[in-house]
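Peer 1: What follows is a structure written as structure tokens; I'll ask about it next.
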Amino acid sequence: LTENKQAGLNMKQKIEHVLYSIEALVALMVYDISARLGFRQTHTLVAKCPVIKRRHSEDSTPRICAAVAEGAAWYVKRVQCLQRSAVATWLLRLHGIPAELVIGCRPVPVQSHAWVEVNGQVVNDRPQYQKFFRVLERF
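So for the sequence shown, this note's numbering puts the first residue at 1188; every next one is plus one.
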């Protein structure tokens, strides 16, 4: 690519990242509001969030997940895995990516965790969670 095209592409990617990060911060707030109404409300919001038919690039998934991680780092309170994964699932679906929120547990030592999968691959966390955690729910 020429320098001008490369600079334009980099600027476009930076703007896209800022927009994804703003979406993530807003979605983190929405999650907090819905969580005050109980887990059932949050579960319903994620489960009923449709995959919007939109064109997306091959690298949209890691970019959206990175923006959610950045938004979580800047958020006003500590963001746990369930909140981060719910928000990533919402945003991925809203950008046309068929994401699933997965909740799993491990009996010894007792531990639970939430992550996001796209086409069976963990996209917002370590893939080892699929191996060491028993899936309780996928939605």
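The C-beta atom is built at its ideal place from N, Cα and C for all residues, glycine as well.
Below 8 Å between beta carbons: does that hold for leucine 1323 and tyrosine 1262?
Peer 2: No; because the gap between Cβ atoms is not below 8 Å, this pair is not in contact.
Peer 1: What are the start and end residues of the beta strand (DSSP E) that includes histidine 1230?
Peer 2: Element bounds for histidine 1230: not the beta strand (DSSP E) but the alpha helix (DSSP H), 1226-1234.
Peer 1: Using three-state DSSP, classify isoleucine 1290 as helix, strand or coil.
Peer 2: Three-state DSSP puts isoleucine 1290 in a strand.
Peer 1: Thinking just about the alpha-carbon of each residue, which of Pro1249, Arg1271 and Glu1287 is nearest to the one in glycine 1258?
Peer 2: The shortest Cα separation from glycine 1258 among Pro1249, Arg1271 and Glu1287 belongs to Arg1271.
Peer 1: Which whole-angstrom value describes the C-beta separation of isoleucine 1284 and valine 1305, a residue pair presumed to lie in contact below a C-beta threshold of 8 Å?
Peer 2: Right, the Cβ-Cβ distance comes to about 6 Å (below 8 Å), so this counts as a contact.
Peer 1: Spatial neighbours of tryptophan 1277 within its chain, please: C-beta separation below 7 Å, excluding the five flanking residues on both sides.
Peer 2: Cβ neighbours of tryptophan 1277 beyond the five flanking positions: Ala1214, Val1233 and Cys1236.
Peer 1: Assuming the contact rule is C-beta atoms closer than 8 Å, valine 1274 and valine 1255 should be a hit. Round their C-beta distance to whole Å, please.
Peer 2: Correct: roughly 5 Å between the Cβ atoms.
Peer 1: Beta strand (DSSP E) containing glutamate 1304: first to last residue?
Peer 2: Its beta strand (DSSP E) spans residues 1298-1305.
Peer 1: Helix, strand or coil: which one does DSSP assign to glutamine 1267?
Peer 2: The answer is coil: DSSP assigns glutamine 1267 none of H, G, I, E or B.
Peer 1: How big is the Cα-Cα spacing for arginine 1280 and arginine 1313?
Peer 2: Cα to Cα, the separation comes out at about 20 Å.
Peer 1: For arginine 1321, does the three-state DSSP call read helix, strand or coil?
Peer 2: In the structure shown, arginine 1321 sits in a strand (DSSP, three-state: E or B).
Peer 1: Is the separation between the beta-carbon of isoleucine 1251 and that of histidine 1300 shorter than 8 Å?
Peer 2: No, Cβ-Cβ distance for isoleucine 1251 and histidine 1300 is not below 8 Å.
Peer 1: Specify the secondary structure class of valine 1379 as computed by DSSP and reduced to three states.
Peer 2: Beyond the ends of the chain as shown, which are 1188 and 1326, falls residue 1379; an answer cannot be given.
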